[in-house]
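Peer 1: Protein chains in written order, with UniProt numbering: chain X, 1 to 448; chain A, 1 to 448.
I have a structure here, written as structure tokens, and I will follow up with some questions on it.
Protein chains: 2
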Amino acid sequence: MILAANANAQGSHVGEWRHPTAWDKPASNLENAIRLARIAEAGRFDLLFLADGNGVRNLDKPDLFAATSPSDRPGVFEPVTLLSALAMVTEHVGLVATTTTTYDEPFSVARRFASLDHISKGRAGWNLVTTSNPGDALNFSHEEHVPRDDRYERAGEFAQIVKGLWDSWADDAFPQDKASGRFLDPSKVHALNFRGKHFQVAGPLNAPRPPQGHPVIFSAGQSETGKELSAATADCVFAIEGTIERAQTLYADLKGRLPKYGRSADSLKILSGVTIIAAETEEEAEQLARELDDLVPPAVGLDYLSKMVGVKMSAYPLDGPFPALDFEHVGPTGIGKAIVAKALEQKLTVRETYRAILPQMAGNFFKGSAAQVADLMERWFLEKACDGFMIAAPVVPTGLERFIKLVVPELQRRGLFRTEYSGRTLRDNLGLARPENRFFAQAGRAAE
Amino acid sequence: MILAANANAQGSHVGEWRHPTAWDKPASNLENAIRLARIAEAGRFDLLFLADGNGVRNLDKPDLFAATSPSDRPGVFEPVTLLSALAMVTEHVGLVATTTTTYDEPFSVARRFASLDHISKGRAGWNLVTTSNPGDALNFSHEEHVPRDDRYERAGEFAQIVKGLWDSWADDAFPQDKASGRFLDPSKVHALNFRGKHFQVAGPLNAPRPPQGHPVIFSAGQSETGKELSAATADCVFAIEGTIERAQTLYADLKGRLPKYGRSADSLKILSGVTIIAAETEEEAEQLARELDDLVPPAVGLDYLSKMVGVKMSAYPLDGPFPALDFEHVGPTGIGKAIVAKALEQKLTVRETYRAILPQMAGNFFKGSAAQVADLMERWFLEKACDGFMIAAPVVPTGLERFIKLVVPELQRRGLFRTEYSGRTLRDNLGLARPENRFFAQAGRAAE
């Protein structure tokens, strides 16, 4: 089982930064990031994962600044620079950063992740995303956001180029022989000369091949184009589903797309996003969950709910029944429809509805004693809903510490999770092969 | 006197990587970079400086791969990721990385350097350059390189935006008060809404104001537009002149441009690029210089000379007199003309000419005993040729170690250089004020 930690030191639950056990002053706090990385490594986690965005969203709703998802926040580190620093204070844990393909250049992204992979000695990962937020476009000289199809087409070319640039040099291209003066072997370099619709990139990259061959590529899209891009390109998928049945369907769907790209089912790992509140007892976990929800003022809860269903919820009485919204026009995504359906089915009030969605960010939510949480994780894993989990554990850092103290030993006892790191690189730990160089056989000889 | 160390662990002299005392395997070698940073910090240097380029140049001349300038090289780290890692193993030394304005986005650059400044607790610097190399253009979907005037106009807007984004938030914009739930103060954010010819950037930046207010900005251009951009924008200039007279002229020229931007002469520091070979005795220094030149095969020396003067020098006898080239058409820059003039004046052979330019990369070159080198440095400093030096000291690391062991104490005895770090940030150490926020008075109140 793969375990990944959401490494945002501000947490993921809307109200958790206010909890008494949460770290003080979480905005751009390096010491917190270092401590969190060390906690995750002590827990034998596979990797730290940093979400990202390129704009301060909700600028009109200051109460939401500390809320919603980490990528919307105003006081964050640029992920690759942060992970490069964290590489120096950790030894084993993988370091995965989100970087958009919509407003960056493939040569630059290939360079930064190659550099991070060299610095971390093979622990780098790139979460490949496209940026849909219209506000971010305004920070990159675009009048409006790039249309979806363009973004995905661009992302596909982008990934091809980045991988091609990582293969610029054979692994043994740099003999650096003082005696002969032979610094590099000119037969072991390949210029890419990529010419596509969106990009033309000559290459080669000005960095030796990364220790992992290619840093591990993550993707997250669950649309049809997103799933196809993942099957063609990704090593890991970060999936968000609220029920095991839907997660199983997505799992089978994604794995089923691999053969046409000549890939085995094992070559793509699917991590399910989950918020976990684990405690000594079920009651304690429930108590913590209530404390967290109480830290969210109704105005923030309503704003958050409004954003999720795409309807201004402050127009309805807080403690009145959830309104029968026009179902067809609800929500920017399927998440909104799911929330409305649940609220109507369970006859929730507006307040009860926002409290119901706060902890899990509309995703999966495991709460309870160590055994209860381990049971759920084991079931999802064994019943092919996922290959592992991307864990948000409010409150930072106590939630993750408690998970590691209580649940990790339980998973280890059941033989589901490592007791020591065995691999040298992130790929090793994830059970992913080091990619062959597409231009050179492993010995360094040109393949074409 | 300001001292900056060229932090490229491969050195700067064409042949130095082959020297017996040079580090083995210098390409993308993290351990070397860490050791070099610690050496510079032990020597109380103000800062480490990383040159950069975005392409492997001289792909047709493999012998030159380890030669010429660090920005041409194939096996290098991306500078910001490297410095972020080095921030974790140093405490005082400044960390200055080159990033081009030609093929990057101001929002992204503002973010990365803000992040590096937070990670290093106020030790970040950005060397703002434009990219003239046509080969780099081919890595960024450009058919040909961006014309010079466009590049500088773009760089000017770029710098304005980056500084504006660094001022997005008042220094006290994030109270992060758990009790009240007030994460940030919405009156202390300013959206830039920059609309220029090359860029439209809304802002605000998604990072708190950097510890230094603005990371220190370096620039290097010595053309008319380059000098004007430095006077308008830079905190430090990296200047390359071969004689004290020319350096004095440039120094007076640059400082003289400051008043019209409302700046004092002290607010721009000029660092002269210099290659230093210091030894116990003059003879030892001469001997080391000869050893280094002997490590450069004639083919490499000829290639290098050909590049500098823009003429294929292998067409002339190696030990024959330097040819009387058509002076008007020599060299891509003024450097070529200076080399030809010197060779003809001193009646050098072709071999003698390339050996004469190898160590100093056509710039300033100090060689000799500790007292001799300190004398030269003192004279340049006191006679207003510079405010300090950007030092390349072959061989890496022994050249820098010898400089610190021999020359630094001599400079300290003369009262020219610090014996301990006194400042908390790079700006403090350089004697540069922390910039006011253009949108907020220091107390955090909106200034307009």
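Where a beta carbon is used, it is the ideal one built from N, C-alpha and C, also for glycine.
With a threshold of 8 Å between beta-carbons, can Phe107 (chain X) be considered close to chain A, or not?
Peer 2: Here residue 107 (chain X) refers to the residue found at position 107 when the first sequence is read from its first residue. It does; some Cβ of chain A falls within 8 Å.
Peer 1: Taking 7 Å as the limit between beta carbons, can you name the residues of its chain near Gly276 (chain A), skipping five residues before and five after?
Peer 2: Stepping through the second sequence from its first residue, residue 276 (chain A) is reached at position 276. Rather than Gly, the amino acid found at residue 276 (chain A) in this sequence is Ile. Excluding sequence neighbours, Ile276 (chain A) sits near Phe366, Val373, Ile391, Ala393 and Phe403.
Peer 1: Mind listing, in chain order, the continuous alpha helix (DSSP H) runs of no fewer than 4 residues lying wholly within the segment 376-409 of chain A?
Peer 2: Complete alpha helix (DSSP H) runs here, min 4: 398-402.
Peer 1: What would DSSP say about Leu50 (chain A), mapped onto helix, strand or coil?
Peer 2: Taking the first residue of the second sequence as 1, we reach residue 50 (chain A) at position 50. In this structure, Leu50 (chain A) counts as strand in the three-state DSSP scheme.
Peer 1: Taking Phe158 (chain X) and Thr101 (chain X) to be in contact with their CB atoms under 8 Å, please state how far apart those CB atoms are, rounded to whole angstroms.
Peer 2: On the first sequence, residue 158 (chain X) is found 158 positions in, with the first residue counted as 1. On the first sequence, residue 101 (chain X) is found 101 positions in, with the first residue counted as 1. About 4 Å; that satisfies the 8 Å criterion.
Peer 1: Note down, in chain order, every chain X residue with its Cβ under 9 Å from the Cβ of Glu291 (chain A).
Peer 2: By 1-based counting over the second sequence, the position of residue 291 (chain A) is 291. Correct list: empty, because the minimum Cβ distance to chain X is about 13 Å.
Peer 1: Which residues does DSSP list as the beta-bridge partners of Val189 (chain A)?
Peer 2: Reading the second sequence from its first residue, position 189 is the one you call residue 189 (chain A). In DSSP, Val189 (chain A) forms a bridge with A:Trp169.
Peer 1: Using a Cβ cut-off of 9 Å, which residues of the segment 80-104 of chain A contact any Cβ in chain X, in chain order?
Peer 2: Flagged, chain order: Val80, Thr81, Leu82, Leu83, Ser84, Ala85, Leu86, Ala87, Met88, Val89, Tyr103 and Asp104.
Peer 1: Output needed in chain order: residues of the segment 205-236 of chain A with a Cβ under 7 Å from some Cβ in chain X.
Peer 2: Cβ contacts with chain X: Asn206, Ala207 and Pro208.
Peer 1: Please compile the residues from chain A whose C-beta is within a distance smaller than 8 Å of the C-beta of Ile119 (chain X).
Peer 2: On the first sequence, position 119 is the one that residue 119 (chain X) refers to. Those within 8 Å of Ile119 (chain X) in chain A are Leu30, Phe77, Thr81, Leu82 and Ala85.
Peer 1: Using a beta-carbon distance below 8 Å, is Phe174 (chain A) in contact with chain X?
Peer 2: As a first step, residue 174 (chain A) is located in the second sequence; it is residue number 174 there, counting from the start. Cβ-Cβ to chain X under 8 Å: yes for Phe174 (chain A).
Peer 1: Give the residues of chain A in contact with Gln160 (chain X), contact being defined as C-beta atoms less than 7 Å apart.
Peer 2: Here the question's residue 160 (chain X) lines up with position 160 in the first sequence. What Gln160 (chain X) touches in chain A: nothing, since even the nearest Cβ is about 14 Å away.
Peer 1: Put Val300 (chain A) into one of helix, strand or coil per three-state DSSP.
Peer 2: As a working note, residue 300 (chain A) is residue 300 in the second sequence. Note: Val300 (chain A) maps to helix in three-state DSSP.
Peer 1: Determine which residues of the segment 404-431 of chain A have a Cβ less than 8 Å from any Cβ of chain X, and write them out in chain order.
Peer 2: Taking 8 Å as the Cβ-Cβ cut-off against chain X, none of the residues of the segment 404-431 of chain A qualify.
Peer 1: Would you check if there are 3 or more beta carbon pairs closer than 8 Å linking the segment 152-168 of chain X to the segment 198-214 of chain A?
Peer 2: Contact between the segment 152-168 of chain X and the segment 198-214 of chain A is absent, because fewer than three Cβ pairs lie under 8 Å.
Peer 1: Spell out the partners DSSP gives Trp126 (chain A) in its beta bridges.
Peer 2: Working through the second sequence from its first residue, we reach residue 126 (chain A) at position 126. Its beta-bridge partners are A:Ala97 and A:Ile217.
Peer 1: Any beta carbon of chain A sitting closer than 8 Å to that of Pro297 (chain X)?
Peer 2: The sequence position of residue 297 (chain X) within the first sequence is 297, counting from 1. It does: the Cβ of Pro297 (chain X) has a partner Cβ on chain A nearer than 8 Å.
Peer 1: Applying a beta-carbon distance threshold of less than 9 Å, which residues of chain A neighbour Lys178 (chain X)?
Peer 2: Here residue 178 (chain X) corresponds to residue number 178 of the first sequence, with the count starting at 1. The answer, in chain order, is Trp17, Arg18, His19, Pro20, Ala22, Asp24 and Leu295.
Peer 1: Gln372 (chain A) versus chain X: which residues are under 7 Å apart at the beta carbon?
Peer 2: Sequence index remark: in the second sequence, residue 372 (chain A) carries index 372 (1-based). Here the premise fails: no neighbours, minimum Cβ distance about 29 Å.
Peer 1: Roughly how many angstroms lie between the CA atoms of Gly122 (chain X) and Asn437 (chain X), to the nearest whole one?
Peer 2: As a first step, residue 122 (chain X) must be located in the first sequence, where it is residue number 122. As a first step, residue 437 (chain X) must be located in the first sequence, where it is residue number 437. If I take the Cα positions, the gap works out to 16 Å.
Peer 1: Assign Ala341 (chain A) to buried or exposed, taking buried as 16 or more other Cβ atoms, counted over all protein chains shown, within 10 Å of its Cβ.
Peer 2: The residue labelled residue 341 (chain A) in the question sits at position 341 within the second sequence. With fewer than 16 other Cβ atoms within 10 Å, it is exposed.
Peer 1: For Trp380 (chain X), which of X:Gly368, X:Asp46, X:Val274 and X:Asp326 has the nearest alpha-carbon?
Peer 2: Locating residue 380 (chain X) in the first sequence gives position 380, where the first residue counts as 1. Of the candidates X:Gly368, X:Asp46, X:Val274 and X:Asp326, the one whose C-alpha sits nearest the C-alpha of Trp380 (chain X) is X:Val274.
Peer 1: Would you please state the rounded distance, in angstroms, between the beta carbons of Pro297 (chain X) and Leu318 (chain X)? I believe it to be under 8 Å.
Peer 2: Stepping through the first sequence from its first residue, residue 297 (chain X) is reached at position 297. Stepping through the first sequence from its first residue, residue 318 (chain X) is reached at position 318. Contact doesn't hold; Cβ gap of about 11 Å is too wide.
Peer 1: Run through DSSP, which three-state label would Asn429 (chain A) get?
Peer 2: Taking the second sequence and counting its residues from 1, the one referred to as residue 429 (chain A) is at position 429. Looking at Asn429 (chain A) - three-state DSSP - the assignment turns out to be helix.
Peer 1: Would Val201 (chain A) count as contacting chain X if we go by Cβ distances under 8 Å?
Peer 2: Along the second sequence, read from residue 1 onward, the residue named residue 201 (chain A) stands at position 201. Yes, Val201 (chain A) counts as interfacial toward chain X.
Peer 1: Output the distance between the C-alpha atoms of Leu430 (chain X) and Ile2 (chain X), rounded to the nearest integer angstrom.
Peer 2: One-based indexing of the first sequence puts residue 430 (chain X) at position 430. One-based indexing of the first sequence puts residue 2 (chain X) at position 2. Taking the straight line from one Cα to the other gives about 7 Å.
Peer 1: Would you be able to state if there are at least three C-beta pairs under 8 Å between the segment 418-432 of chain X and the segment 33-53 of chain A?
Peer 2: In short, these stretches do not touch, since the Cβ pair count stays below three.
Peer 1: Of the residues that make up the segment 377-394 of chain A, which ones have a beta carbon closer than 8 Å to any beta carbon in chain X?
Peer 2: Those residues of the segment 377-394 of chain A that come within reach of chain X (Cβ to Cβ, closer than 8 Å) do not exist; the list is empty.
Peer 1: For Thr275 (chain A), which beta-bridge partners are listed by DSSP?
Peer 2: Against the second sequence, residue 275 (chain A) aligns to sequence position 275. DSSP, once it has assigned bridges, lists A:Phe365 and A:Ala392 as partnering Thr275 (chain A).
Peer 1: Check each residue of the segment 125-150 of chain X: if its Cβ is closer than 7 Å to any Cβ of chain C, include it; give the result in chain order.
Peer 2: Although the question refers to chain C, the structure presented lacks it and instead comprises the protein chains X and A.
Peer 1: Identify which residue in A:Asp104, A:Asp46 and A:Pro409 has its Cα closest to the Cα of Asp375 (chain A).
Peer 2: Here residue 375 (chain A) refers to the residue found at position 375 of the second sequence. For the residues A:Asp104, A:Asp46 and A:Pro409, the minimum Cα distance to Asp375 (chain A) belongs to A:Pro409.
Peer 1: Touching or not, the segment 419-430 of chain X and the segment 257-273 of chain A, by the rule of three or more beta carbon pairs under 8 Å?
Peer 2: They do not touch, by the three-pair rule.
Peer 1: From the beta carbon of Met1 (chain A), is the nearest beta carbon of chain X less than 8 Å away?
Peer 2: For the purposes of this step, residue 1 (chain A) is taken as residue 1 along the second sequence, with counting starting at 1. It does not: the Cβ of Met1 (chain A) has no partner Cβ on chain X nearer than 8 Å.
Peer 1: Considering Cα atoms alone, identify which of A:Glu282, A:Val93 and A:Pro26 is closest to Leu406 (chain A).
Peer 2: Taking the first residue of the second sequence as 1, we reach residue 406 (chain A) at position 406. Nearest option by C-alpha distance: A:Glu282.
Peer 1: Using only alpha-carbon positions, find the residue among A:Leu138, A:Val201, A:Ser180 and A:Arg290 that is nearest to Pro106 (chain A).
Peer 2: Taking the first residue of the second sequence as position 1, residue 106 (chain A) is located at position 106. Closest option to Pro106 (chain A), Cα to Cα, is A:Val201.
Peer 1: Short check: CB of His13 (chain X) to CB of Leu229 (chain X), under 8 Å?
Peer 2: Counting from one through the first sequence, the residue named residue 13 (chain X) turns up at place 13. Counting from one through the first sequence, the residue named residue 229 (chain X) turns up at place 229. Going by C-beta atoms, His13 (chain X) is not nearer than 8 Å to Leu229 (chain X).
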